[in-house]
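Protein chains in written order, with numbering that gives the first Met the number 0: chain A, 0 to 168; chain B, 0 to 847. Even glycine gets a Cβ: it sits at the ideal position worked out from N, Cα and C.
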Amino acid sequence: MPSTAVAQKDGDLKHIILENRDKQGYLLKILEKAQETSPKLYLSEETMREVAHRLDIPLTQVYSVATFYSFFNLKPQGLHSIVVCRGTACHTRGSLALLNEALSMLGIKSFKEEEENSVTSLDGFASVRTVACFGQCALAPVVMIDGEVKSRMTIGRLVTLLHKMKKGG
Amino acid sequence: MSADLGALRKAGLMRLSGQTPWVSVGIGTCGKGNGADEVLAALETTLKNGKSEALARRVGCFGFCAAEPLVMAYRPGKPLLLFTDVKASKAPALAKALGDNEAFAKMAKIAEAKIEVWDFRTQKITYGEDFAYLPTWKELAFFKGQEKLVLRDAGMIDPESIEEYLAVGGYSGLIKAITTMTPDSLIEEVKKSGLRGRGGAGFPTWKKWRIMRDNALASPGESYIVCNADEGDPGAYMNRNEIESDPHMLIEGMIIGAYAMGASHGIVYVRAEYPLAVERLEKALAQAKKAGLLGKQILETRFNFDIEIVTGAGAFVCGEETALIASIEGKAGRPSPRPPFPAQKGLYGRPTSINNVETWCNIPLIVARGGEYFSSFGTPPSPGTKVFSFVGKVRNTGLVELPMGSTLESAVYGMCEGMGPKKKIKGLQSGGPSGGCIPSSLFKTPIDYEHLAELGAIMGSGGMVVMDQDNCMVDVARYFIGFTANESCGKCTPCREGTSQMLNILHGVADGEASEQDLKTLESLALSIKDSSLCGLGQTTANPVLTTLKYFKDEYIQHIKAKRCPAGVCENLYVALCESSCPLHMNIPGYLQLLKENRIEDAFELTLRENPLPGSLGRICHFHCRMRCRRDMLDESVSQGEIHRYLADSMYKMGREKSIYNKLIKEKLPASGKKIAIVGAGPAGLSAAFWLCRLGHEITIYDGSTEAGGILRWGIPAYRLPKDMLKKEITLIQKLGVKFVFNTPMESKEQWQRLIDANDAVIVAVGAGHETGLGIPGESLSGVMPAGEFLKAVSENQKPKVGSEVVVVGGGNSAIDAARSALRLGASVKIVYRRARAHWRKEYRFFA
Chain A
0 MPSTAVAQKD GDLKHIILEN RDKQGYLLKI LEKAQETSPK LYLSEETMRE
50 VAHRLDIPLT QVYSVATFYS FFNLKPQGLH SIVVCRGTAC HTRGSLALLN
100 EALSMLGIKS FKEEEENSVT SLDGFASVRT VACFGQCALA PVVMIDGEVK
150 SRMTIGRLVT LLHKMKKGG
Chain B
0 MSADLGALRK AGLMRLSGQT PWVSVGIGTC GKGNGADEVL AALETTLKNG
50 KSEALARRVG CFGFCAAEPL VMAYRPGKPL LLFTDVKASK APALAKALGD
100 NEAFAKMAKI AEAKIEVWDF RTQKITYGED FAYLPTWKEL AFFKGQEKLV
150 LRDAGMIDPE SIEEYLAVGG YSGLIKAITT MTPDSLIEEV KKSGLRGRGG
200 AGFPTWKKWR IMRDNALASP GESYIVCNAD EGDPGAYMNR NEIESDPHML
250 IEGMIIGAYA MGASHGIVYV RAEYPLAVER LEKALAQAKK AGLLGKQILE
300 TRFNFDIEIV TGAGAFVCGE ETALIASIEG KAGRPSPRPP FPAQKGLYGR
350 PTSINNVETW CNIPLIVARG GEYFSSFGTP PSPGTKVFSF VGKVRNTGLV
400 ELPMGSTLES AVYGMCEGMG PKKKIKGLQS GGPSGGCIPS SLFKTPIDYE
450 HLAELGAIMG SGGMVVMDQD NCMVDVARYF IGFTANESCG KCTPCREGTS
500 QMLNILHGVA DGEASEQDLK TLESLALSIK DSSLCGLGQT TANPVLTTLK
550 YFKDEYIQHI KAKRCPAGVC ENLYVALCES SCPLHMNIPG YLQLLKENRI
600 EDAFELTLRE NPLPGSLGRI CHFHCRMRCR RDMLDESVSQ GEIHRYLADS
650 MYKMGREKSI YNKLIKEKLP ASGKKIAIVG AGPAGLSAAF WLCRLGHEIT
700 IYDGSTEAGG ILRWGIPAYR LPKDMLKKEI TLIQKLGVKF VFNTPMESKE
750 QWQRLIDAND AVIVAVGAGH ETGLGIPGES LSGVMPAGEF LKAVSENQKP
800 KVGSEVVVVG GGNSAIDAAR SALRLGASVK IVYRRARAHW RKEYRFFA
């Protein structure tokens, strides 16, 4: 199984690079798409090497971009994703408590918001990350669970949703 | 207009105001988050199953985010009906209402408002008049005073339909520009409008365009215009909505700009966090290209221009021009020093002009209607409107488009309807991490570039986060500095090192470990970061610190000196929210626990040590603790009043308070030899005496009346606070050795001087009993009585004559006491309250 996934990904990457290399903001576009299509939603060292090689740019440039922007993951991501908005409106309406609740429910001991973009539970079940602002401030606090934005979140609702996720619902 | 465009336009008009009834659902990201997709799907299914000819339309967001999902219903010749907070279960009723006028009229009864005519600014559509009882949309508090120029189409048309955009006059500005105007006359028109950059700095747009055009002419070859949609300010999302609801408006603005500046390429740099905006913009670009409005030979002229989208990857600093350019070039988004300015050497070293989304969005209107039309809104230095997102602690959160120069007050308390009577708004934060905090005492300030800058804030992109008593301003400053410290690109030292040092100090303040010297260091650090950073991010990063230090210094001091976080946010500095909010800081969790263990005497003792009047306060306290109680999230806040009463009443009934009184008396410290006089025997004077006399001082309380108690005795009616209860509790203070001197109003200077001479200290605890009146004509007529006077007469048992009809003006505590007392005197009572019933304290609505 893993080998076909990688092979498929290689093909994708070649295609992605060819398609975007002449566009404005090509490197961001290529890295964004490469991450999107990677099975564990991250940029591996091989991916970055490949991108640098095919674009004929220094690997340091690719690495510099990949580490600069918070959107890029350099570690494999969990099966599920929980994104807690840490924007001002969400903060004033208690998003820190939501973040801590999500971490503790997934058994994640600590998460240094200012140092890393995301943290994944040891069993690889889910990743928790924060985002500067979803722009959904009117409905704060906001949490995105597996790509779906949930507004006016409360700790009670979050607990229910995570229980459901754990049960596979 | 070419034949093709004419046909598209006609098709759009048929959909918007033709013979086919429709129902529309506002689908922006906000709506989606609140179930708008489900509502639209339910409507589609219901209409399809009912074989109805009516349409279910998707439209953009109408801006009233707090009331999403928003739905409108249309029948030819009738006003549009606007519904708020619509659930999918409403679909059958809505579908039925589209069927005939009778059902439609029935549905109108539950509508929120109607729209009889809509001014798209480039076109007007009259829907019809009817339903006289229904307010128009403009009469709803949220929309009163708004002027929708930028948001003219938002929520009215389908953002994914170029037909509908054309139908409401879209692209008429572009056609006018390309077919009848020269680039120079276009820039002249923008100059006439007075439009200034909507990204926040407020640079005159025409000037930016002029410089760019001159540079592009001087250096033939490629040149670029960029739309900055990297809306990174937390709390601001107007750009997201502008693109999501009306992407063609942005495209049209950019094409006109390209024509005026002579640019060959356009780029929209959008945040990756806005997927729906990207999707809709992509669709709109494809439609514009197909219609010959974009690409090669636009409108069959020799003008070529194309637009590409670049999605950012989550870096706040990319909102800065030079960082944004680096990002497009495939580098990390680090800014570079200016000059050279982008207009000279920008993207790939070529002339580049970067404008904010909203700036571009204003252009089509300015061209179509003329610069003078635009400048008829707003103020002369800041013409036009600006879209603001009002979020945080207000009832109506959402996007508000205001003419420049409107006051903060009108928006916070008018459109957003404040926070109601339970919470007090403390201030707001304007302009995101680069902006500042403005206290509510300055809400009379007009909103424009200059006035906000004077306060130390900025307009920024227009995010306004409102804060109330539950927000700690130290925490707010810490939050923003944490944000910028995290987002600092690290290139220049002041910003990279300075922000993390500021953050350290703020952590110290929040943990109660800072000194006043630290505040001085914080301020000087903030000022040097402001002066010496490389880019706009660094230069403005200290604003939240500087403004909170300026306007909310008392909160910092409380954290440092009293080691208290009054809002109950900084975890190290409070025990529990109830304890923190209590003006006496009673150990509420402590006595609740004792009570739970059935140790009623211990619970009473713990209470009494901090509050000498538990039985009285249990009846009449304002209960700050209840406003902060977390139990609220489960069912309702803990009834501290009842618990206090239960404690005191049971103890008094059992007569077990005496041993505890004796304990307190025994514990008194040895006499200090100091004499203290307290003026006023109300609750403040009594508490001061209670504490001071236990410290061994000799206390005398002076009061002008015949008994102790102040407002408790003479203001609050006996049915609420039995006089015996009060008397009993005052005996404790007497037993502790406090002396009372009654019938001694302090009227002369000599009296005060004698008091000062005879004592080591004098405490003035006279309360706030002065009647201020309403300041309206007729107050001096006979029969008009201030509440205080009336209640005093009642408590003196004078039975004042009130006649048979009484009107009470106001809805607060005194008003209700007066009303209930008058009722007891046999009058029929009416209460006149200036706010809506919903804004009234819940427990009072019961009486009405």
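{"Asked": "Mind checking which residues open and close the beta strand (DSSP E) that includes B/Gly391?", "Found": "384–391"}
{"Asked": "Under a Cβ-count criterion, where at least 16 other Cβ atoms within 10 Å of its own Cβ denotes burial, should B/Leu633 be classed as buried or exposed?", "Found": "exposed"}
{"Asked": "Out of B/Asn240, B/Arg239, B/Met253, which one is the CA nearest neighbour of B/Tyr223?", "Found": "B/Met253"}
{"Asked": "Following a CB-centred definition, is B/Gly256 positioned closer than 8 Å to any heavy atom of the ligand SAM?", "Found": "Among the components of this structure there are no ligands whatsoever, and the ligand SAM is therefore not found."}
{"Asked": "State yes or no: is the C-beta of B/Met466 within less than 9 Å of the C-beta of B/Val475?", "Found": "yes"}
{"Asked": "Please report how far the alpha carbon of A/Arg92 lies from the alpha carbon of B/Ile26, in whole angstroms.", "Found": "24 Å"}
{"Asked": "Please state whether DSSP places B/Met211 in a helix, a strand or coil.", "Found": "helix"}
{"Asked": "Pull up the CB-CB distance for A/Cys89 and A/Val148, whole angstroms please, since I reckon it's below 8 Å.", "Found": "Not confirmed; about 12 Å, so no contact."}
{"Asked": "Locate the beta strand (DSSP E) running through B/Cys436, then write down its first and last residues.", "Found": "435–438"}
{"Asked": "Give every residue of the same chain whose Cβ lies closer than 6 Å to the Cβ of B/Gly193, excluding the five residues on either side of it in the sequence, and list them in chain order.", "Found": "Ser374, Pro382"}
{"Asked": "Helix, strand or coil for B/Tyr701 per DSSP?", "Found": "strand"}
{"Asked": "On the three-state DSSP scale, how would you describe B/Met472?", "Found": "helix"}
{"Asked": "Within the 9 Å Cβ cut-off, does A/Thr46 reach chain B?", "Found": "no"}
{"Asked": "Could you name the residues of chain A that B/Asn33 contacts, counting a contact when the two beta carbons are closer than 9 Å?", "Found": "Leu138, Ser150, Arg151"}
{"Asked": "DSSP on A/Asn116, reduced to helix/strand/coil?", "Found": "coil"}
{"Asked": "What residues match up with B/Tyr73 in a beta bridge as DSSP calls it?", "Found": "B/Trp21"}
{"Asked": "Consider the Cβ of B/Arg333: report whether some Cβ of chain A lies at a distance smaller than 9 Å.", "Found": "yes"}
{"Asked": "DSSP three-state call for B/Lys191: helix, strand or coil?", "Found": "helix"}
{"Asked": "Can you give me the C-alpha to C-alpha distance between B/Ala40 and B/Lys147, rounded to a whole angstrom?", "Found": "29 Å"}
{"Asked": "At a Cβ threshold of 9 Å, is A/Gln76 touching chain B?", "Found": "no"}
{"Asked": "Looking only at C-alpha atoms, which of B/Gly169, B/Ile599, B/Leu607 sits nearest to B/Cys360?", "Found": "B/Gly169"}
{"Asked": "For the candidate residues B/Cys471, B/Ser531, B/Leu533, whose alpha-carbon lies nearest to that of B/Leu505?", "Found": "B/Cys471"}
{"Asked": "In chain B, which residues lie less than 7 Å from A/Phe71 when you measure between Cβ atoms?", "Found": "Ala312"}
{"Asked": "From what residue to what residue does the alpha helix (DSSP H) around B/Tyr268 run?", "Found": "Unbroken run through B/Tyr268 is the beta strand (DSSP E), 264–269; no alpha helix (DSSP H)."}
{"Asked": "Within this structure, are the beta carbons of B/Gln538 and B/Ile528 separated by less than 9 Å?", "Found": "yes"}
{"Asked": "Give me the chain A residues within the contact set of B/Lys490, using Cβ-Cβ distance strictly less than 7 Å, ordered along the chain.", "Found": "The contacting residues do not exist; B/Lys490 stays about 11 Å from chain A at best."}
{"Asked": "For chain A, find out if any of its Cβ atoms is closer than 9 Å to the Cβ of B/Met472; answer yes or no.", "Found": "no"}
{"Asked": "Using the beta-carbon count (16 or more within 10 Å), is B/Glu851 buried or exposed?", "Found": "Nothing can be reported for residue 851 of chain B: it is not among the residues displayed for chain B, which extend from 0 to 847."}
{"Asked": "Let me know if B/Ala262 comes out buried or exposed under the rule of 16 or more other beta-carbons within 10 Å of its beta-carbon.", "Found": "buried"}
{"Asked": "Is it right to say B/Glu746 is buried, meaning 16 or more other beta carbons lie within 10 angstroms of its own, or is it exposed?", "Found": "exposed"}
{"Asked": "Output the distance between the C-alpha atoms of A/Ser126 and A/Phe67, rounded to the nearest integer angstrom.", "Found": "20 Å"}
{"Asked": "Look at B/Phe482 and B/Pro432 and say whether their C-beta atoms are less than 9 Å apart.", "Found": "yes"}
{"Asked": "Is DSSP giving B/Leu427 helix, strand or coil here?", "Found": "strand"}
{"Asked": "Count the C-beta pairs between the stretch 63–82 of chain A and the stretch 128–141 of chain A that are closer than 8 Å, then say yes if the count reaches three, no if not.", "Found": "yes"}
{"Asked": "Count the other CB atoms within 10 Å of the CB of B/Thr358; is the residue buried (16 or more) or exposed (fewer)?", "Found": "buried"}
{"Asked": "Measure the CB-CB distance between B/Pro438 and B/Phe340 and report whether it falls below 9 Å.", "Found": "no"}
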